[in-house]
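With this note's numbering applied, the sequence shown has no gaps in its numbers, which climb one by one up to 504 at the end.
Reading through the structure tokens given below for one structure.
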Amino acid sequence: MPLDLIQYLTKRHWEIQEPEKADYLPFVTISRETGCHSIPIAKMLAEKLNTIATKEWTMMSKEIVEEAAKKLNLNNLQVKGIFESEDRSHIMEILHAFQNKYYKSDNRVRKTLREIIENYAHDGRVIIVGRAGAIITQKMPGGLHLRLVAPLEWRVKSIQKQMNFSRKAALEYVKQSDEKRAKLLYDFSKKKICDLQFDLVLNNARINNQEIVDIIFELIQKRNMH
């Protein structure tokens with residue numbers, strides 16, 4: 279990324295908020311199209327930040343679902359099912375299919391997920407991958423919100439490699455997963471993905487993982503977020 283763009287983003291950040299007076303801690307969210315390398319990038323970024331950070335940075339993704347499941351006495355698949363199903367009758371089946379037979383509405387599951395993500399962001403120095411983290415924390419100070427994108431064919435090949443799928447299976451997986459993620463973002467924001475605002479949108483097909491990490495790291499340093 280050209281230096282002048284990073285300087286511009288940094289300048290705009292400090293026009294809005296002054297770090298010397300901040301009473302919040304920094305956090306990062308990563309939203310992504312299916313097939314982009316969000317998890318490797320988040321892990322690499324946390325490792326790099328921990329070379330300079332005063333307190334440890336961590337990455338959260340599946341841990342968010344696991345904590346929500348624990349709080350609600352559901353299993354991980356039941357929690358994920360709330361966000362992936364477009365059929366409300368199927369949602370109800372999922373919600374009734376747990377051991378203690380105590381009804382928990384999908385709204386309660388969403389509320390729990392929101393609270394968990396907000397708590398992680400409030401505690402700071404966390405990289406939240408997916409789970410509508412960017413939308414849930416949009417109004418919280420201290421956040422840097424990223425989105426990873428790439429052309430469809432690149433993402434299909436990425437899934438083929440990651441999951442050992444045929445091209446046909448990978449294409450179907452990418453399309454279905456993109457639809458589920460768009461639905462989740464809409465459920466929390468009531469906006470289409472194209473109408474959502476991110477601080478940075480990076481093309482994973484044109485910028486490799488290490489370059490993306492370096493760009494984010496430099497911006498975090500310039501904003502004194504570490």
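Where is the CB? At the ideal position from N, CA and C, for every residue including glycine.
Model, not experiment: these values are computed from the prediction.
Exercise for review: Would you identify the three-state DSSP class for K379, choosing helix, strand or coil?
Suggested key: Numbered from 1 along the sequence shown, position 101 holds the residue referred to as residue 379. In this prediction, K379 scores a pLDDT of 40, lower than 50, which makes its location untrustworthy; the coordinate-derived value is nonetheless stated afterwards. Correct three-state label for K379: coil.
Practice item. Can you have a look at Q438 and say buried or exposed, based on whether 16 or more other CB atoms are within 10 angstroms of its CB? Key: Sequence index remark: in the sequence shown, residue 438 carries index 160 (1-based). Answer is buried; the Cβ neighbour count reaches 16.
Check your understanding: Roughly how many whole angstroms lie between the Cα atoms of Y451 and K321?
Key -> Your numbering for residue 451 matches position 173 in the sequence shown. Your numbering for residue 321 matches position 43 in the sequence shown. Cα to Cα, the separation comes out at about 24 Å.
Check your understanding: Which term fits T307, buried or exposed, when burial requires 16 or more other beta carbons within 10 angstroms of its beta carbon?
Key -> Stepping through the sequence shown from its first residue, residue 307 is reached at position 29. Classification for T307: buried.
**Study point:** E344 and N328 closer than 8 Å at C-beta
**Key:** Counting from 1 along the sequence shown, the entry for residue 344 is found at position 66. Counting from 1 along the sequence shown, the entry for residue 328 is found at position 50. Result no, Cβ atoms of E344 and N328 do not sit closer than 8 Å.
**Study point:** Nearest neighbour of I317, chosen from Y302, K326, S339 [CA to CA]
**Key:** Taking the sequence shown and counting its residues from 1, one reaches residue 317 at position 39. With distances taken between Cα atoms, I317 lies closest to S339.
Review point. If you draw a straight line from the C-alpha of L449 to the C-alpha of K470, how long is it?
Key: The count along the sequence shown starts at 1 and reaches residue 449 at position 171. The count along the sequence shown starts at 1 and reaches residue 470 at position 192. Looking at the two C-alpha atoms, the distance is approximately 22 Å.
Review point. Looking only at its own chain, which residues have a Cβ that is under 8 Å from the Cβ of V404, when we skip the five neighbours before and after it?
Key: In the sequence shown, counting from the first residue as 1, residue 404 sits at position 126. Correct list, in chain order: F305, V306, W335, T336, M337, M338, Y398.
Check your understanding: Cα separation between A412 and L424?
Key -> Residue 412 sits at position 134 when you count from the first residue of the sequence shown. Residue 424 sits at position 146 when you count from the first residue of the sequence shown. If you take the alpha carbons of A412 and L424, they lie about 8 Å apart.
Check your understanding: With burial defined as no fewer than 16 other Cβ atoms inside 10 Å of the residue's Cβ, what is the status of M441: buried or exposed?
Key -> Taking the first residue of the sequence shown as position 1, residue 441 is located at position 163. Burial call: exposed.
Check your understanding: What are the start and end residues of the alpha helix (DSSP H) that includes R433?
Key -> Stepping through the sequence shown from its first residue, residue 433 is reached at position 155. Run containing R433: 430-441, per the alpha helix (DSSP H) assignment.
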